[in-house]
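The sequence shown runs 45 to 319 under our numbering.
In what follows, a structure is listed as structure tokens, so that the remarks can point back to it.
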Amino acid sequence: MLQILDESRTFLDYGPIQMVIDIRTNGKGQVKIAEKVAQDLIEQFNRMLVYMKIIKSHESYRVMGEYPLVLNKMISAVNLLGDSSFSPLAAVAGSFSEYALERALKYGGERVIVNNGGDIALKDLTGKSFIVGIPIEDLTQGLRIEITPEMKIEGICTSGLGGRSFTKGIATKAVALGQKASVADVCATYLGNMTNVDDPNIIRVPAEEIDEGTDIPGHLITVKVGKIDRQKKLMALLNGFEAAEGLVENSIITGAAIVLEKDILTIPEGIAVIK
45 MLQILDESRT FLDYGPIQMV IDIRTNGKGQ VKIAEKVAQD LIEQFNRMLV YMKIIKSHES
105 YRVMGEYPLV LNKMISAVNL LGDSSFSPLA AVAGSFSEYA LERALKYGGE RVIVNNGGDI
165 ALKDLTGKSF IVGIPIEDLT QGLRIEITPE MKIEGICTSG LGGRSFTKGI ATKAVALGQK
225 ASVADVCATY LGNMTNVDDP NIIRVPAEEI DEGTDIPGHL ITVKVGKIDR QKKLMALLNG
285 FEAAEGLVEN SIITGAAIVL EKDILTIPEG IAVIK
């Protein structure tokens, strides 16, 4: 359930939570703080089990005082995106990361990185920058993102083919960067979905054929992308980029990177590079 990886990193494996918690204060690892954070996460997860109907619902819900804090984060994130095809479940991983970050800081952490299966929450109270690397399948290189304090980015979340969650698009990676990991999570999924075109060589199946308990039954999800021409790939990439522009212009996220095989578009330009 809880494994100490080294002097600063702890791994929590509990239900769907597979999270690495990295906490430092004055340059020293804080495993004891991570253990307290892990207990808080487990308590939140167990409390949320009775709210599964709400978590998977596509109806509009408001934040409520009696709900677990993580559930309220999920609801707020999906409401901010404003797309009724998403249930609060679309923001679950990023919301748990965000909650873990907040608890770690409350318990005395100064530099905290939380990685919940690729949905990252991070903050450094001393003003130091972060270099975040995101691997890209089938490439020896990956995305490199530098986060400075001035950017006020605390959430970096990723969607795309081969990820833990379903996608309706064909993006290799759709990365959303924002002030909150909960919002970045649902927006990354949205951008991945929008990076899409129609082609007979894109294989899609109803979501319930892959997961009978899915929150999106009847929705077609991408399971395989065969050979499609470059023009269609670039069209899909542009569709994702235009969706990202809309989110940035409406101040929902701070930036994004859309990757389709070896091609990448970012907003703002240069926020992420392939290295």
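Beta carbons are placed, not taken as given, at the ideal position from N, Cα and C, and that holds for glycine.
Simplified DSSP assignment, three categories, for residue i
{"i": "Pro250", "result": "strand"}
{"i": "Gln223", "result": "coil"}
{"i": "Arg274", "result": "helix"}
{"i": "Ala215", "result": "coil"}
{"i": "Asp229", "result": "helix"}
{"i": "Gly73", "result": "strand"}
{"i": "Lys196", "result": "coil"}
{"i": "Phe210", "result": "coil"}
{"i": "Gly138", "result": "helix"}
{"i": "Phe285", "result": "helix"}
{"i": "Gly177", "result": "strand"}
{"i": "Gly299", "result": "strand"}
Run of the beta strand (DSSP E) containing residue i, from where it starts to where it stops
{"i": "Gln47", "result": "Leu46 to Ile48"}
{"i": "Leu125", "result": "Run containing Leu125: none in the beta strand (DSSP E); it sits in the alpha helix (DSSP H), Leu113 to Leu125."}
{"i": "Glu190", "result": "Gly186 to Ile191"}
{"i": "Ser203", "result": "Gly199 to Ser203"}
{"i": "Tyr2", "result": "Nothing about residue 2 can be read from this structure; the chain reaches only from 45 to 319."}
{"i": "Thr239", "result": "It is not in any beta strand (DSSP E) - Thr239 carries neither H nor E in the DSSP assignment."}
{"i": "Asp307", "result": "Asp307 to Ile311"}
Buried versus exposed, by CB contacts within 10 Å (16 or more), residue i
{"i": "Gln340", "result": "There is no way to answer for residue 340, as the model of the chain reaches only from 45 to 319."}
{"i": "Leu169", "result": "exposed"}
{"i": "Leu205", "result": "buried"}
{"i": "Thr192", "result": "exposed"}
{"i": "Pro132", "result": "buried"}
{"i": "Asn245", "result": "exposed"}
{"i": "Ser52", "result": "buried"}
{"i": "Ser173", "result": "exposed"}
{"i": "Val249", "result": "exposed"}
{"i": "Glu146", "result": "buried"}
{"i": "Lys167", "result": "buried"}
{"i": "Met108", "result": "exposed"}
{"i": "Gly152", "result": "exposed"}
{"i": "Pro112", "result": "buried"}
{"i": "Ile164", "result": "buried"}
{"i": "Gly207", "result": "buried"}
{"i": "Gln47", "result": "exposed"}
{"i": "Gly290", "result": "exposed"}
{"i": "Arg274", "result": "exposed"}
Bounding residues of the alpha helix (DSSP H) (the contiguous stretch that carries residue i)
{"i": "Val317", "result": "Looking at the DSSP string, Val317 is not in any alpha helix (DSSP H); the run it does join, the beta strand (DSSP E), is Ala316 to Ile318."}
{"i": "Asn159", "result": "No alpha helix (DSSP H) contains Asn159, which is instead part of the beta strand (DSSP E) from Arg155 to Asn160."}
{"i": "Leu166", "result": "Element bounds for Leu166: not the alpha helix (DSSP H) but the beta strand (DSSP E), Asp163 to Asp168."}
{"i": "Lys268", "result": "Not the alpha helix (DSSP H): Lys268 falls in the beta strand (DSSP E), residues Leu264 to Val269."}
Within 9 Å, strictly: CB atoms of residue i and residue j
{"i": "Ala215", "j": "Leu187", "result": "no"}
{"i": "Ile313", "j": "Lys224", "result": "At residue 313 the sequence reads Glu, which differs from the Ile that was named. Their beta carbons are not under 9 Å apart, which means Glu313 does not touch Lys224 by this criterion."}
{"i": "Glu198", "j": "Gly171", "result": "no"}
{"i": "Ala218", "j": "Ala135", "result": "no"}
{"i": "Asp66", "j": "Val158", "result": "yes"}
{"i": "Asn160", "j": "Met63", "result": "yes"}
{"i": "Phe130", "j": "Val114", "result": "no"}
{"i": "Phe89", "j": "Gly138", "result": "no"}
{"i": "Met92", "j": "Ser226", "result": "no"}
{"i": "Thr54", "j": "Glu87", "result": "no"}
{"i": "Thr239", "j": "Asn283", "result": "yes"}
{"i": "Asn70", "j": "Glu190", "result": "no"}
{"i": "Val241", "j": "Lys271", "result": "no"}
{"i": "Ile260", "j": "Phe210", "result": "yes"}
{"i": "Leu281", "j": "Lys212", "result": "no"}
{"i": "Thr266", "j": "Ile296", "result": "no"}
{"i": "Ile178", "j": "Ile200", "result": "yes"}
Interface flag, residue i vs chain C, CB-CB below 9 Å
{"i": "Ala121", "result": "The structure shown contains no chain C; it holds only a single protein chain."}
Residue i Cβ short of 8 Å to the ligand SAH heavy atom set
{"i": "Leu85", "result": "The ligand SAH is absent from the structure shown, which contains no ligand whatsoever."}
Complete alpha helix (DSSP H) runs within the region 76–118 (minimum length 4 residues, chain order): Runs found: 96–99.
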